[in-house]
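Visitor:
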Amino acid sequence: MAMTTCAAVRRTDGAFIALQEKLSHQKRHFAAPRKGLCRNEFPHSLRTAAMSKTLVQEQFGKTAAHYLTSKPHALGKSLERLVTLTSPQKDWRVLDIATGGGHVAYTFAPHVARVWATDITQEMLDMVKLEAAKRGLGNLRTTYAKAEALPFDDASFDLVTCRIAPHHFDSIPDFLAEAHRVLKAGGTLAIVDNVVPEGAVGDYINAFERFRDPSHLRAWAMAEWRVAIKQAGFDLLHEEQIYKTMEFKSWSQRYDATMQRLLRAMLTETTPAVKATLEPTGDGDAFTFRLCEGLFIAKKS
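The sequence shown begins at 0 in numbering that gives the first Met the number 0 and counts up one residue at a time.
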């Protein structure tokens, strides 16, 4: 990894020291959400769909097992909220897009007739298939599929879900259009994804996430989701924000010590506005910060 990878941080005598950037200067360094954070990273606007797909497959293929046991994915509050808010029925056909570790699919399978779990990472699908068998979920099927180009007929599903994934998608509007297409009239769309504040603070958080994970394209603000969901032809019925505490040690464990120090500096040596949003707290193994999820329930009219 290049040691000096972006203007926000630098290495001095073996330690990473964040530059004292003010909010006005963050706009320059982390300006457009669709521009890359660092010199050695492709700007989003220059990435092809094939490049983004490859980044996602590489990132998640090599860490598939991690997502099966990851606390924010396996135990997050939004899982139970999805079931409560959608009231799944025994005769429903459910599609879980970008299933990852499969947790939404496992959660809904006991309540419905059939669940299709889709992803573009074959290692994830293989793992989900094995885990479903272990759990005795015979009504769960896996299918290789891109969120923006689903291989299903129109009006095929009663419920479409997607949790903690759209910030990796090439086009959220195209994903929403496909979800609308494959849903039956009156069908339900249930989305959970990381959300950020509008403006410079949101730009900083996206830059921070993208530096850690190049497959991260952009987390949206709540207002952006509202507009896009309605423009896709849905009636938005419910929205809420759910804060989740991230344990820095487990969140960063797949990176070396150098990268961990850099990421920690980006959390602690930043502006008061960013700190107020991310809330870095504690020391050593007890160091934590927080992220926010937006949950949306909509109906196809």
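Beta carbons: idealized from backbone N, C-alpha and C, even for Gly. Please read these numbers as outputs of a predicted model, since none were measured by experiment.
Looking at N193: is its Cβ nearer than 8 Å to the Cβ of C291?
Guide: Contact: yes.
Visitor: Assuming the contact rule is C-beta atoms closer than 8 Å, L236 and I296 should be a hit. Round their C-beta distance to whole Å, please.
Guide: 5 Å
Visitor: A108 to I119, Cα distance in whole Å?
Guide: 21 Å
Visitor: Of all the options V181, L84, R140, K76, which has the alpha carbon lying nearest to the alpha carbon of E238?
Guide: L84
Visitor: Assuming the contact rule is C-beta atoms closer than 8 Å, S214 and H167 should be a hit. Round their C-beta distance to whole Å, please.
Guide: 5 Å
Visitor: Can at least three beta-carbon pairs, one atom from the stretch 140-154 and one from the stretch 109-117, be found at a separation below 8 Å?
Guide: yes
Visitor: Is it buried or exposed, G283, if we count other Cβ atoms within 10 angstroms and call 16 or more buried?
Guide: exposed
Visitor: Which two residues bound the contiguous beta strand (DSSP E) that contains E238?
Guide: 233-246
Visitor: Which runs of the beta strand (DSSP E), 3 residues or longer, sit entirely within the stretch 90-127?
Guide: 92-95, 113-118
Visitor: For a test of the three-state rule: what should DSSP assign to D202, helix, strand or coil?
Guide: helix
Visitor: In whole angstroms, what is the alpha-carbon distance linking L149 and I241?
Guide: 28 Å
Visitor: For W91, which residues in the same chain have their Cβ closer than 7 Å to its Cβ, ignoring the five residues on either side in sequence?
Guide: A distance below 7 Å between beta-carbons, with the five flanking residues on each side excluded, links W91 to the following residues of its chain, in chain order: V111, A112, D157, L158.
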